[in-house]
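Asker: Taken in order, the sequence shown gives residues 0 to 182; the numbers are from numbering that gives the first Met the number 0. Cβ coordinates follow ideal geometry from the N, Cα and C atoms, glycine included. Mind looking over this structure? Questions follow.
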Amino acid sequence: MRMPQPRNHFIHARDAGWCLRANRWGAWRGVRGFFAAISRLGDGVFWYVLMGALVVLDGMAGLAASAHMAATGVVPLTMYKLLKRWTKRPRPFAADGRIQAWIAPLDEFSFPSGHTLHAVSFTLVALAYYPVLAALLLPFTACVAASRVVLGLHYPSDVLAATAIGTALAGASLWLVSGAWLF
0 MRMPQPRNHF IHARDAGWCL RANRWGAWRG VRGFFAAISR LGDGVFWYVL MGALVVLDGM
60 AGLAASAHMA ATGVVPLTMY KLLKRWTKRP RPFAADGRIQ AWIAPLDEFS FPSGHTLHAV
120 SFTLVALAYY PVLAALLLPF TACVAASRVV LGLHYPSDVL AATAIGTALA GASLWLVSGA
180 WLF
């Protein structure tokens, strides 16, 4: 008699299945190159250039926005490092031989996606100051999130959790700053 699998097994199997499907896109050289470049930019380069550009183009207002983004970035950095050490979830390519790591990971564990967490929190803070940047930042952030799965470095659930955490952290940061402006 076959024993029923626990519910979390079903969820993990679906997560791994979606990861495998997305990872197959990386076999195409152009797709792999695009997402590798997006991932590299998401390492921080894009955000540092954006913060610098805001200062150059908008002076003190740009400096305030950039400082807020940088301050908001410290919490996700600390949080995702702690979560990775606590959960110790293996990266998809390490857990499933069918999944290819198309680029080298920056660290050992998968949950949550630090790239996505930072991209979401930086984007939401930047858009609070400069809504006009939505046409640039929203697609870039979506591509950063997708790159992590396509490149075989994260499961979709890692990216979804990072999106939720990044949204909450950015919201809290914006709330704290707006409250500070009232006094």
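Return yes when the Cβ of LEU150 is within less than 8 Å of the Cβ of PHE110, no when it is not.
Answerer: Against a cut-off of 8 Å, the Cβ pair of LEU150 and PHE110 comes out as no contact.
Asker: Rounded to a whole number of angstroms, what is the C-alpha to C-alpha distance between GLY113 and PRO130?
Answerer: Going by the C-alpha atoms only, they are around 24 Å apart.
Asker: Give the C-beta separation of THR71 and ALA169 to the nearest angstrom, bearing in mind that I take them to be a contact with Cβ-Cβ under 8 Å.
Answerer: Contact flag correct, Cβ pair sits at about 6 Å.
Asker: Distance, Cα to Cα, ALA12 vs THR115?
Answerer: About 22 Å.
Asker: Please identify the residue among ARG31, ILE37, ARG28 whose C-alpha is closest to the C-alpha of PRO138.
Answerer: Comparing Cα-Cα distances from PRO138 to each of ARG31, ILE37, ARG28, the minimum goes to ILE37.
Asker: Comparing C-alpha positions only, which one of ALA35, VAL55, TRP46 sits nearest to LEU105?
Answerer: Nearest of ALA35, VAL55, TRP46 to LEU105, Cα basis: ALA35.
Asker: What are the boundary residues of the alpha helix (DSSP H) that includes ASP57?
Answerer: Its alpha helix (DSSP H) spans residues 45-86.
Asker: Can you list, in chain order, the residues of its chain whose CB lies under 6 Å from that of ASP157, leaving out five sequence neighbours each side?
Answerer: Around ASP157: SER109, PHE110, PRO111, SER112.
Asker: Where does MET59 land, buried or exposed, given buried means 16+ other C-beta within 10 angstroms?
Answerer: By the neighbour-count rule (16 or more Cβ atoms within 10 Å), MET59 is not buried but exposed.
Asker: Write down the C-beta distance between ARG31 and TRP101 rounded to the nearest angstrom, noting that I regard them as a contact closer than 8 Å.
Answerer: With a Cβ gap of about 5 Å, ARG31 and TRP101 count as contacting.
Asker: Quick one: what's got a C-beta closer than 8 Å to VAL55's C-beta in the same chain, skipping five residues either side?
Answerer: Counting only Cβ-Cβ distances below 8 Å, and skipping sequence neighbours, we find GLY61.
Asker: Looking only at its chain, what residues have a beta carbon closer than 8 Å to the beta carbon of PRO75, apart from the 5 residues adjacent to it on each side?
Answerer: Correct list, in chain order: GLY113, LEU116, HIS117, SER120, ILE164, GLY165, LEU168.
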